[in-house]
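Participant: Sequences listed follow chains X and A, in order.
Residues in the first sequence are numbered from 6 upward in steps of one, following our numbering.
Residues in the second sequence are numbered from 35 upward in steps of one, following our numbering.
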Amino acid sequence: AQSVTQPDIHITVSEGASLELRCNYSYGATPYLFWYVQSPGQGLQLLLKYFSGDTLVQGIKGFEAEFKRSQSSFNLRKPSVHWSDAAEYFCAVGGDKLIFGTGTRLQVFP
Amino acid sequence: NAGVTQTPKFQVLKTGQSMTLQCAQDMNHEYMSWYRQDPGMGLRLIHYSVGAGITDQGEVPNGYNVSRSTTEDFPLRLLSAAPSQTSVYFCASSRIAGGGLYAEAFFGQGTRLTVV
Numbered sequence: 006a007q008s009v010t011q012p013d014i015h016i017t018v019s020e021g022a023s024l025e026l027r028c029n030y031s032y033g034a035t036p037y038l039f040w041y042v043q044s045p046g047q048g049l050q051l052l053l054k055y056f057s058g059d060t061l062v063q064g065i066k067g068f069e070a071e072f073k074r075s076q077s078s079f080n081l082r083k084p085s086v087h088w089s090d091a092a093e094y095f096c097a098v099g100g101d102k103l104i105f106g107t108g109t110r111l112q113v114f115p
Numbered sequence: 035n036a037g038v039t040q041t042p043k044f045q046v047l048k049t050g051q052s053m054t055l056q057c058a059q060d061m062n063h064e065y066m067s068w069y070r071q072d073p074g075m076g077l078r079l080i081h082y083s084v085g086a087g088i089t090d091q092g093e094v095p096n097g098y099n100v101s102r103s104t105t106e107d108f109p110l111r112l113l114s115a116a117p118s119q120t121s122v123y124f125c126a127s128s129r130i131a132g133g134g135l136y137a138e139a140f141f142g143q144g145t146r147l148t149v150v
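Structure representation (structure tokens):
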């Protein structure tokens, strides 16, 4: 069965610190993988996507993610977090349907 | 290019009432879907469609009905609203990419539904 797990419900970091949000998936083959961001009261914006090829993908707003087939993971990273990055982040898996994780809420302290 | 258009933006229903959430896309995407978003539960798939005349159930289909008569439109019907259906609803569309997998989703702006 297709599934996505985001083990961290809530993460708090200081502005300027590095960030890693975890995502693990389950699918019978290599799926397409996505990270979305949602600011409070807003819709979802695509940060980046992995289809194939280079396992390190770059996205918007300085985010990147690394696909690790052996760990069934697609973790999101940012070297230096800005206060405007505070939002909810969703990992998604495109297999035979598009399934989202439960999200990680990021809080940024000045 | 309007993308995904979802209406209404807000709705209040009384228990037992029915209503239809409208969703239209102009990108000729094969795949369309409806999600509900509840705090701490992420986006849960209600129903999806891979083309006109083809629909299937997602994770939480009970109490909802869909149809896909055209590529562009994918309405979601609440047959008899219940307070448990209070949620934010998102419609999304995407193309089917290589290997039959689904590419990135484009979302509507969401509908905030309250059932009293």
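Beta carbons: idealized from backbone N, C-alpha and C, even for Gly.
1) Report yes or no: is there a C-beta of chain A within less than 8 Å of the C-beta of Leu-81(X)?
2) Under 7 Å between beta-carbons, which chain A residues line up against Gln-106(X)? List them in chain order, please.
3) Run through chain A and tell me which residues come within less than 8 Å of Tyr-94(X), C-beta to C-beta.
4) Anyone know if the C-beta pair for Gly-37(A) and Met-61(A) falls short of 8 Å?
5) Just list the beta strand (DSSP E) runs in the stretch 37-110 of chain A, keeping only unbroken ones of 3 residues or longer that don't cross its boundaries, in chain order.
6) Return the CA-CA distance between Ser-57(X) and Leu-135(A), expressed in angstroms with no decimal places.
7) Quick check on Ala-115(A): buried or exposed, where buried means 16 or more other Cβ atoms within 10 Å of its Cβ?
8) In the DSSP assignment, what are the bridge partners of Val-113(X)?
9) Given a cut-off of 8 Å on the beta-carbon distance, is the pair Ser-151(A) and Arg-70(A) in contact?
10) What is the C-beta distance between Gly-100(X) and Tyr-32(X), in whole angstroms, given that I count them as a contact (C-beta under 8 Å)?
11) Output yes or no for whether 8 Å exceeds the beta carbon distance between Ser-52(A) and Leu-112(A).
Facilitator: Quick look at the numbers:
1) no
2) Correcting the residue type first, residue 106(X) is Gly in the shown sequence and not Gln. Chain A residues near Gly-106(X): Gly-76.
3) Near Tyr-94(X) there are no residues of chain A at all, since even the closest Cβ is about 10 Å away, more than 8 Å.
4) yes
5) 38-41, 44-47, 53-59, 65-72, 76-85, 88-91 and 98-100
6) 12 Å
7) buried
8) Val-18(X)
9) This structure leaves residue 151(A) out entirely; chain A is present only between 35 and 150.
10) 5 Å
11) yes
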